[in-house]
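Here the structure comes first, spelled out in C-alpha cells, and everything after it is commentary.
In our numbering, the protein residues as written are 428 to 653.
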C-alpha cells in the first residue's frame, strides 16, 4: 500500500470526535475536490510503499484501540481488505473514511462516508472537473455501504445554497437514518470554521441532522499528522 503517513491523534470529526486513534493515511484518490485538505494524497500523491505486515508492526508503538483508515481514498487499495481484516483480528475498532465511490469487502466498525457534492468540483481544472463529476456520485456503492456497515454520513458544507442539494441527496436514500448524518463546515482555519458554524447549525435543524466540529483544524490548523 502507498502510505502517506501514520500518526496518533484524537479523532477530529463525527461520531467518535475526541477519541484517541491511530490514523493510517493511504495516498491516491479517484476524485479531486478543490478544497481537499490533504492534497499530498490526491492532487500530488506521495508516500512510502508498505506491506500490511509493516503497517501492523509500525502501529504497535501506539497503545490505542481505535484505528482510522483514511486517505486519499483508502478503498482504492487492493490491500485494504487484508489490512482491515487483520486489524479486526487484532481487536482494533476500525473507522474507514471514504467518499463512497468504491465498494470493497472490508471490515469496518464505522464506515464514515463523505459524499462529494457539486461544491467539491475543481472548476479551474476542466479535465479533472469532468472526471470528478463522473465519479463522485455512485448510488449503488452508497446503498451497499450503509447496508453492510454501521455508518455515518458527513457532508462538507461550503455555502447556504448547499442545503437544497443535501435535501435532494437524502431523499434519494430514504434508508439513511438522519441521526447518522453530520454537516461540517468547509474551511482550513479555525476562523473559517467558526464563521460558518452558526448557519450550518440552522441548516442541520431544518434537515433533522447533526453538526460536527473539525476539532483537529480548530486545535492545530491545516497541518499534516493531526
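All C-beta atoms in this analysis are idealised placements derived from N, C-alpha and C, irrespective of residue type, glycine included.
Contact under 8 angstroms by Cβ, residue 453 with residue 531: no
For residue 626 and residue 587, the rounded distance between their alpha carbons: 8 angstroms
Element boundaries [beta strand (DSSP E), containing residue 610]: 608-612
Candidates 470, 443, 475 and 464, of which the one nearest residue 433 by Cα: 475
Minimum C-alpha distance to residue 542 - residue among 508, 623, 618 and 572: 572
3 or more residues per run - each beta strand (DSSP E) lying fully within the segment 444-516: 447-453 and 493-497
Whole runs of the alpha helix (DSSP H) within the segment 556-611, excluding any shorter than 4 residues: 566-575 and 589-599
Contact between the segment 521-539 and the segment 456-475 (3+ Cβ pairs under 8 angstroms): yes
Cα-Cα separation, residue 628 to residue 605: 14 angstroms
Cutoff 8 angstroms; reference residue 634; Cβ partners in own chain excluding five residues on either side: 590, 593, 594, 597, 605, 608 and 610
Buried or exposed by the 16-neighbour rule on C-beta atoms within 10 Å, applied to residue 613: buried
Span separating the alpha-carbon of residue 575 from that of residue 428: 24 angstroms
Nearest candidate by alpha-carbon position, reference residue 559, set 517, 443, 463 and 441: 463
Spatially closest choice to residue 517 from 491, 540 and 501, by CA coordinates: 491
8 angstroms Cβ shell around residue 472 - same chain, five flanking residues per side excluded: 429, 431, 454, 455, 456 and 499
Pairwise C-alpha distance: residue 435 and residue 489: 7 angstroms
Residue 618 classed as buried or exposed, judged by whether at least 16 other C-beta atoms fall within 10 angstroms: exposed
Among 441, 549, 599 and 564, nearest to residue 466 - alpha-carbon criterion: 549
For residue 487 and residue 553, the rounded distance between their alpha carbons: 44 angstroms
6 angstroms Cβ shell around residue 546 - same chain, five flanking residues per side excluded: 585 and 589
Test item: CB-CB of residue 642 and residue 439 under 8 angstroms: yes
Own chain partners of residue 479 with C-beta closer than 8 angstroms, once the 5 adjacent residues on each side are dropped: 428, 506, 509, 510 and 513
Which listed residue (578, 470 and 444) has its alpha carbon closest to that of residue 539: 578
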